[in-house]
Amino acid sequence: MSSFNRVLLLTILIFVVWGSLVIIAFLPAMVTRSLINPHVDFEEVYAAADYGLAAKELELITKDGLTLAAWEVAVKEPRAVLIFVSDMREPSVTAFFGHARFLKEHGYASILVEMRAHGASEGEQIGLGYAEHLDILAALDYSKAQAAYQGVPVIPFGLGLGGSAAINAVGLYPELAGFISIAAFSTWPDLFRDNLYFSGAPFLLALAEKPFANLYILFKFGWSKRNITPQKQIAKLGERPALLMHSQGDEQVSYLNLERLLLSAPRHVEVFFREGSQHHFSENLLDPGQDKEYAARLLSFLESNFP
Numbered sequence: 014m015s016s017f018n019r020v021l022l023l024t025i026l027i028f029v030v031w032g033s034l035v036i037i038a039f040l041p042a043m044v045t046r047s048l049i050n051p052h053v054d055f056e057e058v059y060a061a062a063d064y065g066l067a068a069k070e071l072e073l074i075t076k077d078g079l080t081l082a083a084w085e086v087a088v089k090e091p092r093a094v095l096i097f098v099s100d101m102r103e104p105s106v107t108a109f110f111g112h113a114r115f116l117k118e119h120g121y122a123s124i125l126v127e128m129r130a131h132g133a134s135e136g137e138q139i140g141l142g143y144a145e146h147l148d149i150l151a152a153l154d155y156s157k158a159q160a161a162y163q164g165v166p167v168i169p170f171g172l173g174l175g176g177s178a179a180i181n182a183v184g185l186y187p188e189l190a191g192f193i194s195i196a197a198f199s200t201w202p203d204l205f206r207d208n209l210y211f212s213g214a215p216f217l218l219a220l221a222e223k224p225f226a227n228l229y230i231l232f233k234f235g236w237s238k239r240n241i242t243p244q245k246q247i248a249k250l251g252e253r254p255a256l257l258m259h260s261q262g263d264e265q266v267s268y269l270n271l272e273r274l275l276l277s278a279p280r281h282v283e284v285f286f287r288e289g290s291q292h293h294f295s296e297n298l299l300d301p302g303q304d305k306e307y308a309a310r311l312l313s314f315l316e317s318n319f320p
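Residue numbers for the sequence shown follow this note's numbering, so the first one is 14 and each next one is one higher.
This is the structure:
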């Protein structure tokens, strides 16, 4: 091989390696940016009247100045108040009116909060859990200002991103009495790496992406928020009760996330897992009473800890 050909081959190799490194470095930023920036408009929104409920429409103001759409389903002498928050894309939190009806029958009030950048709520950027704890705080502050809820426990209940936000909120706000989560992720970089690998990427490539995902998160949300992750905040639960639910075959948020959360969680945390790939966990999210096992476990947790 001539000297020219060797130089040409080396140059091509350098460009290929350099190009690959650039793609690896910027892939988390490109993918994450595409997920968090557009405001989410739901294909379907449910009404309280569809469930035979009378719900009070609320406008909650977050500490960072956003107005959130929310709905309150009150009961007389509530045993506890549950703050519902939903997932990154679908469904709208109004899909939890079925839960609110079921829980009302057993003496529990509900506040359904449409998180920032979703539906009728303000905001143009999803916060991946680094900001949504403020949405839960807005509902907590509202409940603290109501005479009917004085001395009543307040518990966030979240699905997916909402589940992660619920864990973060409990770690940050000691006034919350515990939490319930479905399919919560441990950290966003963990979820990014998992989903890259399970989508068919080589293991080493997926592994190499996590540091770059961490760097993008630090750049996007700031150094001060680096510890606002479910894996770190769940360690601050103390003796408060918690219920983690997760499907073993969940293809959106892998079961590995539950296992990582449990490494940091206090030993008393309750876990309810199932076979199958149902991300929503319940066989009937809109009418949870139809899923007898799910309804019984949810009610058992609440009645044991918030009688």
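We treat Cβ as the ideally placed atom computed from N, Cα and C, and that holds for glycine.
Taking N227 as the centre and dropping the five residues before and after it, the same chain places the C-beta of P202 closer than 7 Å to its C-beta, in chain order.
As computed with DSSP, W84 is found in a beta bridge with E70, L125.
In this structure, the CA atom of G213 is about 16 Å from the CA atom of D263. For I149, no beta strand (DSSP E) segment is defined; the enclosing uninterrupted segment is the alpha helix (DSSP H) at 146-157. If you look at S313, you'll find it in the alpha helix (DSSP H) that goes 305-318. About 6 Å separates the beta carbon of V266 from that of L204, a gap short enough to meet the 8 Å contact definition. Taking a contact to require three or more Cβ pairs closer than 8 Å, the segment 155-173 and the segment 86-100 qualify as touching. Secondary structure of A196 (DSSP, three-state): coil.
In the DSSP assignment, F170 falls outside any alpha helix (DSSP H) and within the unbroken beta strand (DSSP E) covering 167-172.
Rounded to the nearest angstrom, the Cβ distance from R129 to L79 is 5 Å, consistent with a contact under 8 Å. With respect to the 7 Å criterion, A196 and H259 are classified as neighbours on the basis of their beta carbons. The alpha carbon of G302 has as its nearest neighbour, out of F110, T45, L217, V94, the alpha carbon of F110. Per DSSP, reduced to three states, the secondary structure at L189 is coil, with no helix or strand assignment. Distance check between P254 and each of S277, F192, L172, S156 places F192 closest, using alpha-carbon atoms only.
R206 sits buried, since 16 or more C-beta atoms from the chains shown fall within 10 Å of its C-beta. Rounded to whole angstroms, the Cβ separation of K76 and L150 is 7 Å, and the two are in contact under 8 Å. The closest CA to that of E135, considering only D54, Y155, S177, is found on D54. Listed as beta-bridge partners of L231 by DSSP are no residues whatsoever. In summary, H131 is buried, with 16 or more beta-carbon neighbours lying within 10 Å of its beta-carbon over all protein chains present. Within the same chain, and ignoring the five residues on either side of A60 in sequence, the residues whose Cβ sits closer than 8 Å to its Cβ are T107, F110.
With contacts defined by Cβ atoms closer than 7 Å, E137 and H52 form a contacting pair.
In the DSSP secondary-structure assignment, L95 is bridged to S123, I168. For R206, the enclosing alpha helix (DSSP H) begins and ends at 201-211.
Of the residues assessed, R280 falls on the exposed side of the cut-off, its CB having fewer than 16 other CB atoms within 10 angstroms. Taking 7 Å as the cut-off, the Cβ atoms of L81 and L73 count as close. Following the DSSP letters along the chain, one finds E272 in no beta strand (DSSP E) but inside the alpha helix (DSSP H) bounded by residues 269-277. L256 is a Cβ neighbour of E283, given a cutoff of 7 Å. By the Cβ-count criterion, D63 is exposed, with fewer than 16 other Cβ atoms from all chains shown falling within 10 Å of its own Cβ. Apart from sequence neighbours up to five positions away, no residue of its chain approaches E306 with a beta-carbon distance below 6 Å. A distance below 7 Å separates the beta carbons of F170 and F97.
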